[in-house]
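Engineer: Residue numbers are given in the numbering used here: position 35 of the sequence shown equals residue 15, and the series is strictly consecutive.
After the structure tokens below, expect a handful of questions from me.
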Amino acid sequence: MSEVLRTGRLELHPVGWSDHGPLLAHWTGPLVRRHLFDDRMISPAQVTEIIEVSERDFATEGYGLWALRPAGPDPAPAGPLIGVAGLRGHDGPLDRRVDVEIVYSLEPDRWGRGYAEEACRAVLDYAFEVVGLTRVTAEIDCDNASSADVAERLGMRPWRDGPDGPDGAAYYQADRTMWFGSRRTVDAFQ
């Protein structure tokens, strides 16, 4: 399954090999990687692995990562990569139909404009409507107040303390019942 998602300002395409260079440039930017990859520089091989896992997850689980681009006027193509949003299964022996995490990153010049919330809302709609997930979680660094604000604006609620207690990551969750009960659909699937 390789759904293209559209919002008012964005086109979300499943990441693929043509995104390798732009993803590497995006994820190695110091402000972007600060809250991803534990602020470590990632290699081209790691980007290759992320793309492979996303493609496999779309094929087997129905979800993966989408490249975010500004929407162009139809039929014009979308613009350059401005970020990533998507779903991934948690590592370990968890039920991947229940324990799925939403992730996103944006180019710093796009921060504070509502793109993260817009993209994540489309991804959550997809998660609950198309894939049929029952819960989606978000792991947020405690020093990343902006991402916590995005989670709260999406209607996600605190779930549990992180692995290091109150100083560790913050966990949020959205569940299918809550999502449909508070739904404000503005996104469409193509």
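All C-beta atoms, glycine included, are put in the ideal place defined by N, C-alpha and C.
Since this is a predicted model, take the numbers as computed values, not measurements.
1. Just to confirm, are P(-6) and E35 a CB contact at a threshold of 9 Å?
2. With distances taken Cα to Cα, identify the nearest neighbour of V110 among R156, P60, C122.
3. Could you spell out where the alpha helix (DSSP H) holding A131 opens and where it closes?
4. Taking the Cβ atom as the reference point for each residue, do A65 and Y43 lie within a distance shorter than 9 Å?
5. Please classify F160 as buried or exposed, where buried requires at least 16 neighbouring CB atoms within 10 angstroms.
6. Got a sec? Which residues, its chain only, sit under 7 Å from D121 by beta carbon, not counting five neighbours each side?
7. What's the C-alpha gap between I22 and E32?
8. Under the rule that 16 or more other beta-carbon atoms within 10 Å means buried, what is R49, buried or exposed?
9. To which residues does DSSP link G94 through a beta bridge?
10. Could you give the first and the last residue of the continuous alpha helix (DSSP H) run that contains W7?
11. Enumerate in chain order the residues of its own chain whose CB-to-CB distance from W91 is below 8 Å, with the five nearest sequence positions on each side excluded.
12. Would you mind stating whether L61 and I82 have Cβ atoms separated by less than 9 Å?
13. Is the beta carbon of A107 less than 9 Å from the beta carbon of Y151?
Structural biologist: Let's see:
1. If you number the sequence shown from 1, residue -6 lands on position 14. If you number the sequence shown from 1, residue 35 lands on position 55. The answer is yes: Cβ separation under 9 Å.
2. Against the sequence shown, residue 110 aligns to sequence position 130. The residue from R156, P60, C122 with its alpha-carbon nearest to that of V110 is R156.
3. Position 151 of the sequence shown, counted from the first residue, corresponds to residue 131. A131 -> alpha helix (DSSP H) spans 125 to 133.
4. Locating residue 65 in the sequence shown gives position 85, counting from the first residue. Locating residue 43 in the sequence shown gives position 63, counting from the first residue. No. Outside cutoff.
5. Position 180 of the sequence shown, counting from 1, holds the residue named residue 160. F160 is exposed by the Cβ-count criterion.
6. Position 141 of the sequence shown holds residue 121. Close CB contacts of D121 within its chain, under the 7 Å cut and outside five residues either way in sequence, are with H15, A149 (chain order).
7. To locate residue 22, count along the sequence shown from 1; it is residue 42. To locate residue 32, count along the sequence shown from 1; it is residue 52. The straight-line gap from Cα to Cα measures roughly 15 Å.
8. Locating residue 49 in the sequence shown gives position 69, counting from the first residue. Taking a 10 Å sphere around the C-beta of R49, we find 16 or more other C-beta atoms and assign the residue as buried.
9. Residue mapping note: residue 94 aligns to position 114 of the sequence shown, counting from 1. For G94, which the question treats as bridged, DSSP gives no partner whatsoever.
10. Working through the sequence shown from its first residue, we reach residue 7 at position 27. Note, W7: alpha helix (DSSP H), 0 to 7.
11. Indexing the sequence shown from 1 puts residue 91 at position 111. Same-chain partners within the cutoff: S126.
12. Position 81 of the sequence shown holds residue 61. Position 102 of the sequence shown holds residue 82. For L61 and I82, no; Cβs fall outside 9 Å.
13. The residue labelled residue 107 in the question sits at position 127 within the sequence shown. The residue labelled residue 151 in the question sits at position 171 within the sequence shown. The answer is no: Cβ separation not under 9 Å.
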